Each structure stands twice: as C-alpha cells, then as structure tokens.
Amino acid sequence: MEATIEKNNLPEQDVEKGTSLWADAYTRLKKNKLAMIGGIIVIAILFLCFILAPILSFFGFSANSQDLDKTFSGIGQNGYILGSDNLGRDLMMRVLEGGQISLLVAILATVLTVTIGIIYGGIAGYVGGRIGGFMMRIVDGLLAMPFLIIVILFREIIGGHVNETAHFLTSEWGWHKDTVDRFANLIPLTLAIAGFGWLTMGRIVRASAASLAKQEFVEAARSLGLSHRRILFRHMLPNMLGPVIIYATLTIPSFILYEATLSFIGLGIEPPNSSWGKLIKEGANFLESYPTVLVIPAILFSLTLFAFNFLGDGLRDALDPKASKD
Amino acid sequence: MTKLILSRVLQTLLVVFFLVTFVFFAVRAIPGNPFVSEKKTTEQERAALEAYYGLDKPLPVQYFNYWKNILTRGDFGDSLGMKGRKVSTLIKESFPVSLKLGLLSLFFGLIIGIPLGIIAALYHNKWQDYIAMIVAMAGICVVAFVLGPIFQLVFGKPLPILNVAGWSRSSDILLPAITLCFGVAAYLARLTRGGMLDVLSQDYIRTARAKGVPTMKIITKHAMRPALMPAVTYLGPAFAAIITGSFVVETIFLVPGMGQHFVTGITSNDYNLVLGLVLFYGILMGIANLLSDIALLFMDPKLRKA
C-alpha cells in the first residue's frame, strides 16, 4: 500500500521517463556478463595493437630487428618480455604488429562489407519487385560458390595489379617504400575478402529494408515527395542499423579467421609483414622445443575471436531479443 | 518431391557452369605463367609448351575446347605443373583421401555436437548450458591450425599408434579427423540448441509434458526430429566445406588430399588443375546440398506435400 502512495507522490517527469531503443539495448547488454567481458577484451586488444605497439616502437622496440645470439629466449629472458623467435626477434612486438595487420584487414574488409551491403541490399529491398528479386538472385548465385577458393583467386589477381601500382608509386613518385609495401600486401587480401564477404550482409539489409519499405512512415515520406535517396538513407537506414551492427560484429572474427587461414597456407600476408596466421604457421615449426612461439600468438588470436563472437552474440540478444534463439 | 530435386539439380548445374566460367578466366588473369619455373625456359620452349597444351589459341576457343573435352570425353585436361599427369588422375587419387577424412570428422562432429546442443537446450540458461556454449564457442575460435600442432605435440609422442604426420597407416586418419571435427561439432551444437529450444517451447511438447510423458521420451519421440532440422540443413554445406576446407589440416598433417593440389595449382598457375578441382568441388557441393534436402524431406512431412 505504502509503495503505491509513494509512487503517486513522485514528480511526473520521473515516472514518465522513456528509454530509447539503444538505451534499452545497452541495459540488456550490461546484464550479459560474457558479452561485456568480450567487449572489454576487444577494446583492450585494439588498444594494445594500435596504440601501445606504435608507442613501444617509438621507444626502440622492433618487430623485425634480428639478434641471432638471442634466439628462442623464454618469457622474460634476455630483455624480451614475451621471449624471442628463431631469428631473435621480439615476440611481443611481432604479436602486436601481426595483430595490427590481422585486425586492419578484418576491420577494413568489414567496413567495405557494410558499405556495399547497405547500398546493394538497401536498394534491392527498397525497389523490390522484379529488379530487387533479380538483384538477390545474383547474390544467391554468388553465395553458392566456394568462398575460400574464390577469395584466393581474387587475391592473386588483385595482388598483381597492386604490386605494379606499388612499384610505380615508390620508383616514380618516391613514396616511402616500407609503408607502400605494407599496404600493397594488405589491400589485395582485404578487397578479396570484402569482395565476396558482403553477400550475407546484403541479404540481411535487404530483408530489413523490404519490411521497412512497407511501413507507414516510409509511405509518409514518399507522399511528402522526398527523393528515393533521402528516404533510403535518412529514414530507413537508422532503422536498419540494429541487424547491421550485430552482423558486422560477427563478421570481424570470421574475416580475421579467413585472413589467418590464407596466411597459414601461404596465400595471404607475405614477409616481411606478419599476421597472426603467419606467426602461428612459423611457430608450428618449432612447437616441440619452443612452444611459446606458437602459444603466444595462438592465445591472442583465439582470445580475439572469442571476444568478438561473445560481443556479437550479446549485441544480438540486446538489440534483437526476438531473434536470439541460438 | 521430384520437382524439388529436379530444381535443385538444375540449380547446381547453373552454379557449376558460372563457377567454371568465372574460374576459367580468373586463373588466366593471375599474373605469371605456368611454364616459367626455376629452370630457365627459353621463349621457344615456352611457345612450344603453350602450343602443346592449346594455350596459344584465343581465350574463347580455349574456353569452348575446355567444355567440349569435358562433355564429349569427360576429359579435364592435363596438369600443367605436374608434367604427364592428367587432372582426372590427380583427383581420382586425392579425392578418396579427402572423402575418408571428411566423413570421419563429420561423424565425430555429429556425435559430439548434437548431444552438446541437446544438453544445452534442456538446461537452458543454467550452468550446463553456459558450459556447453563456451565449449562450442571454443570449437569455433580455437581453429584447426592452432589445434593441429598442439595435438601433434600432445598425442604424437606419448601414443605411438598415432603418427604425427603422414598417410601411411590406417590410424593416421585419426589426428587430422579429430582436429577437423571441432569446428563442425561447434556449429552443430549451436544449431541443435537453437532448434531444440524452438521445439521445446511449442504447444505439443507442453501437452506431452502435461500428459506426464517422461522427459527422455519427449525428447527422443517428439522433439528430436524437428529440432535436428537446422543441423541437417547445415550438414550438406558443412560436408562440402570440410572436404576443401581441409587445406589447413592437410598441410599440418601432410595428408595427400585435394587441398594441397589446389594450393600448388594456384601458386604454379596450373590452370587445368585449379579448374578441374573447382568443377569437381562445385558438383560435390551440389550433391551434398541435394542429399541434405532429401534428408529434410524425409524428416518433415510438411515439405513433402509442398
């Protein structure tokens, strides 16, 4: 009895305070411990690879300088915090800089995926009818192709052209060779992964665009005479962000995995650049005598995949409670 | 039912056609030449080799000839990298290896993944569920190329029946198959859990519970079949993916399967080999999808009527 009386005495704005979709989702996400831990780990790893590693390299730590007297140092030996590899290179710096490449490839490819997916899927869903259907049949056909095989082929083709361009930039325009080479190595892989990775995103966006296009607010926008582009990107896009964010978070780990797989079989990142897949491959050669060389990159790699997947699952539960069955 | 199967077959043929067309031109666009190896080949030698393999003809003619040879004689052409060997022989030798490995790891994946998913669904949001899902996530995140070397280290030495690498004894299949199975098991567990949760919230299960049917019987008699449908849908693509996706495991354990041929084919510009493998893989994928469709037809009477 007392509680009701008290509630009635409260000032009105306190009772009526509404929460937005995003605030709701955040409250739900906060309750999901695994997802929160995943999010924290993701931020920590991004911090280590993109902020700490450049700072360390500024202070003289290097991922590529060799010291053949100090090969296979253990953890903490010879001044190497995480030991050194078969050529006496600092394992900690190698893991961090390798992570930079792995994450850059995955994040850039995801950004491309999201962009292409939103434009293609959005148009297909908004236009609908025969044209939209035809656009989606193309996606279905491409999805039926073996992903890894096509990505490998794409990378090889793009790689040749990019190498020519890189050569041109360094020799003719005098660009910094190391930087150009670094990106020349990364771009074909990124484009190849994104070139076939956007298909599922396109499908997801189309599905939500198609259902939004039938709703009243879109009809209202149309009757106000707004342009198609404005309706699609100003009115519909904000309402499609939920599924896009969820799927993008789950796309990053799968792209990290593709990059690592390709680098592992020798069709990905090339030396002197390194990525987690490459480091694991190198480490596997010395596993029996010096397990740290494999275990350290493997732990960081698996941890990253875990973190992104848990965060993505958590976001799905939070943003789309209806669809969170599995 | 025949209509569905027919449309599936047609769909597969269409996909295979586009796949081969795409790959035919794509492999030729890769920089490099199949006949430039470490041994210096002169310009004349190269021209002679290209003429011998018909690579000097214009692309459309080559493309037409490729189909003609396949359709009239079932000939996938000669390997350009491994001289004197036909692509069909290479596939004939390596496919049984990949198939055996794929089937065994699929089997392991099934017996681990499905019980895990069912347990997780039965104890939804309890600790058993969390543990099962963390284990499943581990199967996805601790990937084959991390697991493989670790397995070699852990099992290779203390258990002399298991060779660390190679393909000479029948027990050599075990380590690569176990390494491969975890990814499949993880996806199966997640799909089974999702399907089971879906089914368990249905009215007819509540009715069965209300009648006092024991839980075990509810699961095996009533819930199991519809709950497994998402997993069965996944099995087709999973099987095809395992067979080519075993690139990594094949390199780690030195298994003479199809994956190694694909990788060497790409790096040595062996057009015919790559194309033959992709064509074969496309057909395989179609068959795998068809089989899982047929299995679904048997499981779901509603689909049979449609």
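Here the protein sequences line up with chains Z and B, keeping their order. Using numbering that gives the first Met the number 0, you'd call the opening residue of the first sequence number 0 and step up by one each time. Using numbering that gives the first Met the number 0, you'd call the opening residue of the second sequence number 0 and step up by one each time. For each residue, glycine too, the CB sits at the ideal point set by N, CA and C. Predicted model only: the values in this text are computed from it and were never measured.
- One thing to note: residue 62/Z has its Cβ within 8 angstroms of the Cβ of residue 88/Z.
- With fewer than 16 other beta carbons inside 10 angstroms of its own, residue 284/Z counts as exposed.
- Contact of residue 280/B with chain Z by beta-carbon distance below 8 angstroms involves 145, 148.
- Scanning its chain for C-beta atoms nearer than 7 angstroms, with the 5 sequence neighbours on each side dropped, one finds around residue 265/B the residues 273, in chain order.
- Of all alpha-carbon atoms in 259/B, 285/B, 271/B, the one lying nearest the alpha-carbon of residue 239/B is that of 285/B.
- Going by beta carbons, residue 143/B and residue 179/B fall inside the 8 angstroms limit.
- When Cβ-Cβ separations below 8 angstroms define contact, residue 216/Z makes no contact with chain B.
- Relative to residue 19/Z, the option among 238/Z, 308/Z, 36/Z, 274/Z whose CA is nearest is 238/Z.
- Among the residues facing chain Z, residue 178/B is not included, as its CB has no counterpart in that chain under 8 angstroms away.
- For the pair of segments examined, the region 241–254 of chain B was found not to touch the region 302–315 of chain Z: the number of CB pairs separated by less than 8 angstroms stays below three.
- Among the CB atoms of chain Z, none fall inside 8 angstroms of the CB of residue 131/B.
- At least one beta carbon of chain Z lies nearer than 8 angstroms to the beta carbon of residue 284/B.
- For secondary structure counted as the alpha helix (DSSP H) over 4 or more consecutive residues, the region 266–294 of chain B holds no complete run.
- Between the region 130–145 of chain Z and the region 86–106 of chain Z, the count of C-beta pairs closer than 8 angstroms stays below three; the two stretches do not touch.
- Taking a cut-off of 8 angstroms for Cβ pairs, the region 135–143 of chain Z and the region 215–232 of chain Z do not touch, as fewer than three such pairs fall below it.
- Against chain Z, a Cβ distance below 9 angstroms from residue 28/B picks out 152, 155, 156, 159.
- In the structure shown, residue 74/B falls within a coil segment according to DSSP collapsed to helix, strand and coil.
- Using a Cβ-Cβ cut-off of 9 angstroms, residue 308/Z is close to 136, 139, 140 of chain B, given in chain order.
- About 6 angstroms separates the CB atoms of residue 268/B and residue 32/B; that is less than 8 angstroms, so the two are in contact.
- Counting only Cβ-Cβ distances below 8 angstroms, residue 265/B has contacts in chain Z at 151, 152, 155, 266, in chain order.
- Near chain B, meaning a CB-to-CB distance below 7 angstroms, no residue of the region 197–212 of chain Z qualifies.
- The region 151–159 of chain Z and the region 184–200 of chain Z touch, with no fewer than 3 CB-CB distances between them shorter than 8 angstroms.
- Any Cβ of chain B closer than 8 angstroms to the Cβ of residue 189/Z would place that residue at the interface, and such an atom is absent.
- Looking at the DSSP output, residue 84/Z sits in no beta bridge, so it has no partner there.
- Along the region 1–32 of chain B, going in chain order, the ones with a CB nearer than 9 angstroms to a CB of chain Z are 10, 11, 13, 14, 17, 18, 21, 22, 25, 26, 28, 29, 30, 31.
- Excluding residues up to 5 positions away in sequence, 84, 282, 285 lie with their Cβ nearer than 6 angstroms to the Cβ of residue 292/Z in the same chain.
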